Amino acid sequence: MQRPSSVVEIALFIQPYKEVFFHLFKLCRIAISIPVSTASCEQSFSALKLVKTYLRSTMSDERLSNLGVLRFESR
-6 MQRPSSVVEI ALFIQPYKEV FFHLFKLCRI AISIPVSTAS CEQSFSALKL VKTYLRSTMS
54 DERLSNLGVL RFESR
């Protein structure tokens, strides 16, 4: 057996033993999902950049936040 090179490989290796390594398997599943969570956060910042233009830079933070939510949810 070669040394696993990614979290996915570790999760696949311990999957048959997930009752024994319950916490380790759960940790692997959480670690695998982190990049997806980060991507959605980056998408919301990109959407916010599109909403906040130079002319809109004087608006209140609350209104800007609401426009950002509208832009992100409309996708």
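At position 70 of the sequence shown the residue is numbered 63 (the working numbering), and the sequence of numbers has no breaks. We put the CB at the ideal spot given by N, CA and C, even for glycine. Treat the numbers as computed from the prediction; the structure is a model and nothing was measured.
So Val1 and Ile25 are supposed to be a Cβ contact under 8 angstroms. How far apart are they, rounded? In the sequence shown, residue 1 corresponds to position 8, counting from 1. In the sequence shown, residue 25 corresponds to position 32, counting from 1. Sure, about 6 angstroms apart at Cβ, within 8 angstroms.
Straight-line CA distance for Leu17 to Leu41? In the sequence shown, counting from the first residue as 1, residue 17 sits at position 24. In the sequence shown, counting from the first residue as 1, residue 41 sits at position 48. Roughly 37 angstroms between the two C-alpha positions.
If you reduce the DSSP assignment to three classes, tell me which class Glu12 lands in. As a position in the sequence shown, residue 12 is number 19, starting the count at 1. Reduced to three states, the DSSP call for Glu12 is coil.
Can you name the start and end residues of the alpha helix (DSSP H) that Arg(-4) belongs to? Locating residue -4 in the sequence shown gives position 3, where the first residue counts as 1. It is not in any alpha helix (DSSP H) - Arg(-4) carries neither H nor E in the DSSP assignment.
Helix, strand or coil for Ser58, going by three-state DSSP, please let me know. Position 65 of the sequence shown, counted from the first residue, corresponds to residue 58. The answer is helix: DSSP assigns Ser58 an H, G or I state.
Cα-Cα separation, Phe15 to Leu60: For the purposes of this step, residue 15 is taken as the residue at position 22 of the sequence shown. For the purposes of this step, residue 60 is taken as the residue at position 67 of the sequence shown. When rounded, the distance between both Cα atoms is 42 angstroms.
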